[in-house]
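Visitor: Residue numbers (the working numbering): 249 to 568. Even for Gly, the Cβ is constructed at its ideal location relative to N, Cα and C. The structure's right below; bear with me while I get my questions together.
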């Protein structure tokens, strides 16, 4: 019995010694930070060593490990001259992995933490391309409304690009793409605001002409939604009339005319419903006023012809 007890004590002691030695092999005390750190996860002694170590993984296409090591440099040596490039390459690594939103976050952190980075234009271009990827992803729909995280992320990135460099080469095109995303999400007020900003803030942009057309068309789309009032229809009518008169492009003029016909019909039907309301309640004089409004504003249309017929019928009743 005593021998077994001594043997057990010896085993426990051996395990304890081994555990301590193992722990010491993986954890060391650092006077600088006054903490225990695991050398496996610690940064190299200098920013250059850490950068070269991270680049080793990047060049060998181990992008996951490369991203980790580049981020390790930015966290351990944030004030190093190599930190901006390390932050940038963390984004590149995630982009290579197809983790585009993570890549955007790293690129944006480069701009936020190192606004004077020499890679600003390149980063903006990469953010723009990532936003385009999210914008063009296939998205599920519910009642024709696109419900996708990708659309929201595209808007987030386009908006950041405009904020990062409002007069940069990607600003106006990002704003235009952002408006498209809002339209696809049926956020018409936000889309209208974006199109108006292009026209106002970037008058020399090649997107201005198209933005004016899309602004009018978005107002038209807004007028079709039940929650929008007749003011949207009136605004859309004004925009398309102006476009038809001023555009030098025949195809746009023709398309504007088609939409104008639809808007006129919508507006005419709206007035007709008011006239019919008064007619059903026996207020024939009021009904005639609205029917005459239809014939005066929309002459030659089918609905105007119907309104004229009702005017003639009601006038006989009024006389009698």
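Following the continuous alpha helix (DSSP H) through residue 421, name the residue where it begins and the one where it ends.
Guide: Stepping through the chain shown from its first residue, residue 421 is reached at position 173. Run containing residue 421: 419-432, per the alpha helix (DSSP H) assignment.
Visitor: Please state if the CB of residue 291 and the CB of residue 318 are separated by a distance shorter than 8 angstroms.
Guide: Along the chain shown, read from residue 1 onward, the residue named residue 318 stands at position 70. Along the chain shown, read from residue 1 onward, the residue named residue 291 stands at position 43. No, these two residues do not count as a Cβ contact at 8 angstroms.
Visitor: Of the residues 378, 417, 323, which one's Cα is nearest the Cα of residue 402?
Guide: One-based indexing of the chain shown puts residue 402 at position 154. Of the candidates 378, 417, 323, 378 places its Cα closest to the Cα of residue 402.
Visitor: With C-beta atoms as the reference, is residue 460 less than 8 angstroms away from residue 447?
Guide: The count along the chain shown starts at 1 and reaches residue 460 at position 212. The count along the chain shown starts at 1 and reaches residue 447 at position 199. For residue 460 and residue 447, yes; Cβs fall inside 8 angstroms.
Visitor: Applying the criterion that 16 or more other CB atoms from any shown protein chain within 10 Å of the CB defines a buried residue, is residue 399 buried or exposed?
Guide: Looking up residue 399 in the chain shown gives position 151. The residue in question, residue 399, is buried, as its Cβ has 16 or more Cβ neighbours within 10 Å.
Visitor: Hey, residue 315 and residue 349 are a contact pair by Cβ (cut 8 angstroms); roughly how many whole angstroms apart?
Guide: On the chain shown, residue 315 is found 67 positions in, with the first residue counted as 1. On the chain shown, residue 349 is found 101 positions in, with the first residue counted as 1. Residue 315 to residue 349, Cβ: 13 angstroms. No contact.
Visitor: I need the straight-line Cα distance from residue 554 to residue 561, nearest angstrom please.
Guide: Working through the chain shown from its first residue, we reach residue 554 at position 306. Working through the chain shown from its first residue, we reach residue 561 at position 313. Rounded to the nearest angstrom, the two C-alpha atoms are 11 angstroms apart.
Visitor: For residue 448, name the three-state secondary structure that DSSP assigns.
Guide: Position 200 of the chain shown, counting from 1, holds the residue named residue 448. If DSSP states are grouped into helix, strand and coil, residue 448 belongs with the helices.
Visitor: Between 358, 352, 443, which lies nearest to residue 404 when the distance is taken from Cα to Cα?
Guide: Taking the first residue of the chain shown as 1, we reach residue 404 at position 156. Cα-wise, what sits closest to residue 404 is 352.
Visitor: Quick check on residue 384: buried or exposed, where buried means 16 or more other Cβ atoms within 10 Å of its Cβ?
Guide: Counting from one through the chain shown, the residue named residue 384 turns up at place 136. That one is exposed.
Visitor: For residue 360, which of helix, strand or coil comes out of DSSP?
Guide: Counting from 1 along the chain shown, the entry for residue 360 is found at position 112. Three-state result, residue 360: helix.
Visitor: Span of the alpha helix (DSSP H) holding residue 332?
Guide: In the chain shown, the residue the question calls residue 332 occupies position 84. Taken as a continuous stretch (DSSP letters only), the alpha helix (DSSP H) holding residue 332 covers 331-344.
Visitor: Kindly list the residues whose CB is nearer than 8 angstroms to the CB of residue 458, restricted to its own chain and excluding five residues on each side of it in sequence; keep chain order.
Guide: Taking the first residue of the chain shown as 1, we reach residue 458 at position 210. Cβ neighbours of residue 458 beyond the five flanking positions: 424.
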